[in-house]
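In our numbering, the protein residues as written are 171 to 319.
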C-alpha cells in the first residue's frame, strides 16, 4: 500500500512538472513574440507601436543611466531616432535570444543584437537583458538592460 501511495505521489509531481513546463513554454513563446514585435516596430520607427510592446512602469538601464517610463506617452514622447540615425543606424536585428529564467508570467531573455546602416553593414553589436512580463493579460517588456550606447 505504501509503495502504491509513493508511486501515486511521484506521478502527481511529474504531472505537475509537465504542466509547469507547458506553461513556461507558452510564456516563452509569447515573450519571444513580444520581442519580435518590439524589433519590428522599432525598425519601423513607430515609437507608439513600440510603446505598445512594453509593460509599465518600464525600466531601461543603458549608458550608465536608469530611466523609468511611467506610461506609453512618456516613452513615445522623446527624440530617439535622431540620435540613432546620426550614428549611421538604419535598422537592428537579433543575433541571439536565450531564455535564462522563466515562469508562466515572466521570462528573462539574454540577447545579442546588431545595428546596421542603410547598406546593411553592421555598425555595432550589443548584449542586453530583457524582462518580459504578463500584466493583466498583456505580454510586454517590463525592463531592459543594455550595453548599447
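Heads up, the beta-carbon is just placed ideally off N, CA and C, and yes, glycines get one too. Computed from a predicted structure; not experimentally measured.
- With a 10 Å radius around the Cβ and a threshold of 16 neighbouring Cβ atoms, residue 199 comes out exposed.
- Around the beta carbon of residue 300, 16 or more other beta carbons lie within 10 angstroms, which makes this residue buried.
- Close CB contacts of residue 285 within its chain, under the 6 angstroms cut and outside five residues either way in sequence, are with 259, 262, 293, 294 (chain order).
- Within the stretch 206-232, the runs of alpha helix (DSSP H) that reach at least 4 residues and sit entirely inside it are, in chain order, 217-221.
- Judged by their CB atoms, residue 224 and residue 307 are not nearer to each other than the 9 angstroms cut-off.
- Under the three-pair Cβ rule at 8 angstroms, the stretch 234-241 does not count as touching the stretch 249-258.
- For residue 235, the pairing in a beta bridge is given by DSSP as 232.
- Contiguous beta strand (DSSP E) elements confined to the stretch 271-314 occur at 276-286, 292-305, taking only those with 3 or more residues.
- Rounded to whole angstroms, the separation of the alpha carbons of residue 305 and residue 215 is 25 angstroms.
- With fewer than 16 other Cβ atoms from the protein chains shown falling within 10 Å of its own Cβ, residue 196 counts as exposed.
- The Cβ-Cβ distance between residue 273 and residue 192 does not fall below 9 angstroms.
- In summary, residue 248 is exposed, with fewer than 16 beta-carbon neighbours lying within 10 Å of its beta-carbon over all protein chains present.
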